[in-house]
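I have placed the structure first, in the form of structure tokens, so that the comments after it can refer back to it.
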Amino acid sequence: MRNKQVLFLAQAAMVAAIYVALTFVSSSVGLSSGTIQVRISEALCILPVFTPAAIPGLWLGCFLANLLTGCILVDVICGSVATLIGAVGTYLLRKHKLACMFPPVIANMVVVPFVLRYGYGVTAVYHGTDWSIPFHALTVGIGEAVACIVLGSILKKALSRYRNVIFMQEAK
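Now the structure itself:
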């Protein structure tokens with residue numbers, strides 16, 4: 092029983108650490124935040140397909156990454172919650188090859204536009220009409236689709252072959 096808990100915590104910690112590191116890589120080229128964002132670390136949102144330990148790992152990783160890259164408090168909290176919702180959705184849909192990739196995209200498309208508009212004050216006004224929320228939903232959705240669906244499917248395929256080695260269900 093104790094070995095399972097240790098394994099769970101170790102997997103969650105590794106996912107969090109890798110998420111933070113990959114976010115710093117994205118941040119170094121200006122892609123981890125803003126209206127147009129493609130966080131390489133969001134590809135890790137496929138990991139709940141392999142282990143439930145990825146759920147708290149992704150949440151903690153996103154929380155720490157947002158905190159360490161200088162995001163405002165509402166972004167640290169809401170962005171992390173969006174990742175948590177996406178990770179839980181991925182876990183619940185883990186038996187569905189394609190559907191499991193969409194929860195992080197949808198969660199971020201719903202949450203992040205409001206953070207960008209009301210937290211950071213980023214607007215998109217066209218002919219006097221504020222299109223900020225739909226515009227940000229589109230741009231965030233495209234970036235999330237690239238990270239979660241394109242990169243996530245590559246990661247899923249690569250890890251599937253070694254799932255029993257990397258994500259062993261019981262520590263021996």
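Taking my numbering, the leading residue of the sequence shown gets 92, the next gets one more, and so forth. Even glycine gets a Cβ: it sits at the ideal position worked out from N, Cα and C.
Check: Give the range of the alpha helix (DSSP H) segment to which residue 114 is assigned.; Outcome: 93 to 119
Check: Between which two residues does the alpha helix (DSSP H) holding residue 167 run?; Outcome: 164 to 183
Check: Please state whether DSSP places residue 214 in a helix, a strand or coil.; Outcome: coil
Check: Of the choices 195, 96, 131, whose alpha-carbon is the least far from that of residue 111?; Outcome: 131
Check: Taking a contact to mean a Cβ-Cβ separation below 8 Å, would you say residue 192 touches residue 240 in this structure?; Outcome: yes
Check: Using CA atoms only, rank isn't needed, just tell me which of 248, 148, 230 is closest to residue 123.; Outcome: 230
Check: According to the neighbour-count rule (16 or more other Cβ atoms, all chains shown, within 10 Å of its Cβ), is residue 103 buried or exposed?; Outcome: buried
Check: Do residue 126 and residue 227 have their C-beta atoms within less than 8 Å of each other?; Outcome: yes
Check: Quick check on DSSP: helix, strand or coil for residue 230?; Outcome: helix
Check: Would the stretch 204 to 222 count as touching the stretch 151 to 170 if we require 3 or more Cβ pairs under 8 Å?; Outcome: yes
Check: Pull up the CB-CB distance for residue 169 and residue 129, whole angstroms please, since I reckon it's below 8 Å.; Outcome: Incorrect: roughly 19 Å between the Cβ atoms, too far for contact.
Check: Going straight from the alpha carbon of residue 222 to that of residue 95, what length do you get?; Outcome: 49 Å
Check: State the CB to CB distance for the pair residue 236 and residue 196, rounded to an integer number of angstroms; the pair is presumed to be in contact (CB under 8 Å).; Outcome: 5 Å
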